[in-house]
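Student: Per the numbering used here, the sequence shown starts with residue 18, numbered consecutively. This structure is in structure tokens; I'll ask about it shortly.
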Amino acid sequence: MADKVLSLVGDKAISAQEAAQKLADPSRTAFVRDGDLSRFEEELYALWNNILSAAEKTPHDQQDKLVDVMRAIKGMPEPVHEGKKLKVWGGETRWDELPMFGPLTREQLDVARSRSEKAFVNINAFFARLTAADIQDSLLFAIWVFREALEDPTEDEIAQKSSPELLKASSVWFIYAAESLAKARDEAEQFDGKLARPGDSLSAYRDVPGWRGFCPDRWSVWKARFSSLEKMESLADAKLLIDQALDKLNKV
Numbered sequence: 018m019a020d021k022v023l024s025l026v027g028d029k030a031i032s033a034q035e036a037a038q039k040l041a042d043p044s045r046t047a048f049v050r051d052g053d054l055s056r057f058e059e060e061l062y063a064l065w066n067n068i069l070s071a072a073e074k075t076p077h078d079q080q081d082k083l084v085d086v087m088r089a090i091k092g093m094p095e096p097v098h099e100g101k102k103l104k105v106w107g108g109e110t111r112w113d114e115l116p117m118f119g120p121l122t123r124e125q126l127d128v129a130r131s132r133s134e135k136a137f138v139n140i141n142a143f144f145a146r147l148t149a150a151d152i153q154d155s156l157l158f159a160i161w162v163f164r165e166a167l168e169d170p171t172e173d174e175i176a177q178k179s180s181p182e183l184l185k186a187s188s189v190w191f192i193y194a195a196e197s198l199a200k201a202r203d204e205a206e207q208f209d210g211k212l213a214r215p216g217d218s219l220s221a222y223r224d225v226p227g228w229r230g231f232c233p234d235r236w237s238v239w240k241a242r243f244s245s246l247e248k249m250e251s252l253a254d255a256k257l258l259i260d261q262a263l264d265k266l267n268k269v
């Protein structure tokens with residue numbers, strides 16, 4: 018349960034490595050000792066769901082140890098059972114790929130948003146932190162949040178049409194993963210199809226090279242539109258995070 022994750026992470030007497038071992042042991046034992054792939058999947062599904070639920074409940078600025086737990090889990094040696102290959106959903110995998118975690122993160126975005134503003138902001142911060150730590154790349158999620166918050170409305174409409182929830186979620190991406198985002202910008206990282214297409218107010222750029230992902234021009238739009246919010250008194254609830262995000266934006 019998520020409560021177990023929160024309890025282990027909150028216990029200062031337990032290191033991140035020890036917490037990771039306790040949390041990952043059921044799934045790893047299912048394969049190493051018994052070679053039971055079905056139970057391995059069940060336990061792994063529970064592990065990731067519990068960690069993601071805990072992340073929702075952990076304030077974005079208090080997630081350091083939870084990220085350390087994920088780093089420790091990823092760094093564990095490959096589980097081995099004689100005569101069997103590690104598989105998830107019928108396909109071969111490796112432990113350091115964090116099998117099943119990626120698809121579950123996508124689901125958790127919607128789940129968190131349906132629960133509360135804090136849950137949505139916290140889960141985005143967690144994904145930003147994991148991205149920055151090279152544990153799990155979730156850069157596409159950043160584009161989705163930026164698109165809805167900063168691109169669907171025009172620059173003049175953002176303060177009225179973008180919810181505090183969206184503006185805070187956008188902010189934590191810049192606060193915790195600015196360097197990773199800037200690297201994707203500099204390398205013009207792109208995504209398949211329409212996954213990362215520009216928002217409604219920037220529809221003229223939908224067929225322009227570079228606008229199906231990160232590019233300097235798109236970054237400039239995000240920065241300009243975020244900067245336009247700096248003096249908006251109506252955004253008092255999100256202002257602190259917006260200011261922190263702008264500080265990061267101006268340094269990369």
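Every residue, glycine too, gets a C-beta built ideally from N, C-alpha and C.
Counting only runs of 4+ residues fully inside the stretch 170–223, write out the alpha helix (DSSP H) ranges in chain order.
Tutor: 175–178 and 181–203
Student: So, are the CB atoms of PRO170 and SER218 less than 8 Å apart?
Tutor: yes
Student: What residues are listed by DSSP as bridge partners for GLY108?
Tutor: VAL105
Student: Using 8 Å for Cβ pairs, my map puts LYS265 next to ILE192. What's the rounded Cβ distance?
Tutor: Rounded to whole angstroms, the Cβ separation of LYS265 and ILE192 is 6 Å, and the two are in contact under 8 Å.
Student: Using the Cβ count rule (16 or more neighbours within 10 Å means buried), how would you classify ARG164?
Tutor: buried
Student: Using C-beta distances below 6 Å, list every residue in its chain close to SER187, excluding the 5 sequence neighbours before and after it, in chain order.
Tutor: VAL162, PHE163 and ALA166
Student: How is the alpha helix (DSSP H) around THR46 delimited, first residue to last?
Tutor: 33–49
Student: Which parts of the stretch 96–171 are runs of the alpha helix (DSSP H), unbroken and 4 residues or longer, counting only runs that do not cross its ends?
Tutor: 118–132, 134–149 and 156–163
Student: To the nearest angstrom, how far is the alpha carbon of GLU60 from that of SER197?
Tutor: 31 Å
Student: Considering Cα atoms alone, identify which of ASP42, VAL22 and GLY52 is closest to GLY100.
Tutor: GLY52
Student: Would you give the residue range spanned by the alpha helix (DSSP H) that VAL269 belongs to?
Tutor: Neither: VAL269 is in no alpha helix (DSSP H) and is coded neither H nor E.
Student: By the three-class DSSP mapping on this structure, what secondary structure does GLY5 have?
Tutor: In the structure displayed, the chain extends from 18 to 269; residue 5 sits before or after that span and is not available.
Student: Along the chain, where does the alpha helix (DSSP H) that runs through GLU58 open and close?
Tutor: 54–74
Student: When we look at the beta-carbon of ASN139 and count the other beta-carbons within 10 Å, is it buried (16 or more) or exposed?
Tutor: Its Cβ being crowded by 16 or more others within 10 Å, ASN139 is buried.
Student: Is GLU247 helix, strand or coil when you go by DSSP?
Tutor: Of the three classes helix, strand and coil, the one that applies to GLU247 here is coil, per DSSP.
Student: From GLU247, THR148, GLU114 and ILE152, pick the residue whose C-alpha is nearest to that of LYS200; which is it?
Tutor: For LYS200, the nearest C-alpha among the options comes from THR148.
Student: Work out the CA separation of LEU263 and LYS240 for me, nearest whole Å.
Tutor: Rounded to whole angstroms, LYS240 to LEU263 spans 8 Å at the Cα level.
Student: Assign ARG235 to one of two classes, buried (16 or more other C-beta atoms within 10 Å of its C-beta) or exposed (fewer than that).
Tutor: buried
Student: When you compare only the Cα positions, how much space is there between ASN66 and LEU103?
Tutor: 20 Å
Student: Is the beta carbon of CYS232 within less than 7 Å of some heavy atom of the ligand MN?
Tutor: With respect to small molecules bound, the structure shown includes none, and the ligand MN cannot be examined in it.
Student: State the DSSP-derived secondary structure class of VAL225, mapped to helix, strand or coil.
Tutor: coil
Student: Apply the 10 Å Cβ neighbour rule to SER70 and answer buried if 16 or more other Cβ atoms are within range, or exposed otherwise.
Tutor: buried
Student: For ALA83 versus VAL26, is the C-beta spacing smaller than 8 Å?
Tutor: The question names Ala, but residue 83 is Leu in the sequence shown. Cβ distance < 8 Å, so LEU83 and VAL26 count as in contact.
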